[in-house]
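**Student:**
Residue numbers (our numbering): 58 to 293.
1) My assumption, with CB atoms under 8 Å, is that residue 144 sits in contact with residue 75. Please give the rounded CB distance.
2) Does residue 122 come out as helix, strand or coil in the three-state DSSP assignment?
3) Which same chain residues end up closer than 6 Å to residue 206 when comparing Cβ atoms and leaving out the 5 residues on each side of it in sequence?
4) If we require 3 or more residues per run, which beta strand (DSSP E) segments fall completely within the region 69-153?
5) Got a sec, what are the start and stop residues for the alpha helix (DSSP H) residue 222 sits in?
6) Name the one or two DSSP bridge partners that residue 248 has.
7) Rounded to whole angstroms, what's the CA-CA distance from residue 119 to residue 183? Just pull it up for me.
8) Output the boundary residues of the alpha helix (DSSP H) element that contains residue 182.
9) I believe residue 213 touches residue 244 by the beta-carbon criterion, under 8 Å. Please report the beta-carbon distance rounded to the nearest angstrom.
10) Among 225, 201, 94 and 188, which residue has its Cα nearest to the Cα of residue 260?
11) Rounding to the nearest angstrom, what Cα-Cα distance links residue 109 and residue 64 in this structure?
12) Evaluate the contact criterion for the region 96-107 versus the region 164-173: three or more CB pairs, one atom per stretch, below 8 Å.
13) From the DSSP secondary-structure annotation, give me the bridge partner or partners of residue 169.
14) Just mark residue 222 as buried or exposed, buried being the case when its beta carbon has 16 or more other beta carbons within 10 Å.
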């Protein structure tokens, strides 16, 4: 049953998988929040685990950085392992003054500067959106927990280091379109879910800000973004 990127067996993954970009964040979530944990994947050190949260079987696995990486792993989980729902839990850079470091963003939709959707041969631009029921559930949980949460459009960007050719930074153009934040994976995940008839939601913690120049450390991104982890686990 294994794939070129996953040595798990059929049935090793739960119907819902949480996907942080960092495999060490997957390890942290499994060891911190889950009981009876079993490691089910270790290929390329993209760690995957299955355990139980409040009696419910849940899996967590890293996705790597960028749309090609999450595109591979999410596609295999959906098509080869019977996974029905994937919840991306990642970091993002804020484009808005009121979207502050450590706030949580629920990606209702994802814009992109990628050519990802070209593969579908569509006669137009595909709008990649979250599953509504998952989005609403996550919003309700965040509000119940008193978490600073924002819902809206985000940008999934191919480049991390942008040349910013021109007189105005590129991010300000997206901000004018009310895009809340930038990350690198959600558009591909939402496209895979749409194409395969599955469900997906991206829950993001603001790790840095283009407005205020605030930034968190790599260690904080790995272990301190617990609010989005708890939201994801509650709706898994």
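Using N, Cα and C, we set each Cβ at its ideal position, and we do this for glycine too.
Keep in mind it's a predicted model, so treat the numbers as computed, not measured.
**Tutor:** This is what the structure holds:
1) 5 Å
2) coil
3) 161 and 199
4) 73-76, 92-98, 105-110, 113-118 and 142-151
5) Counting along the chain, residue 222 falls outside any alpha helix (DSSP H), and DSSP gives it neither H nor E.
6) None, per the DSSP bridge assignment.
7) 26 Å
8) Looking at the DSSP string, residue 182 is not in any alpha helix (DSSP H), and its letter there is neither H nor E.
9) 4 Å
10) 188
11) 21 Å
12) no
13) 213
14) exposed
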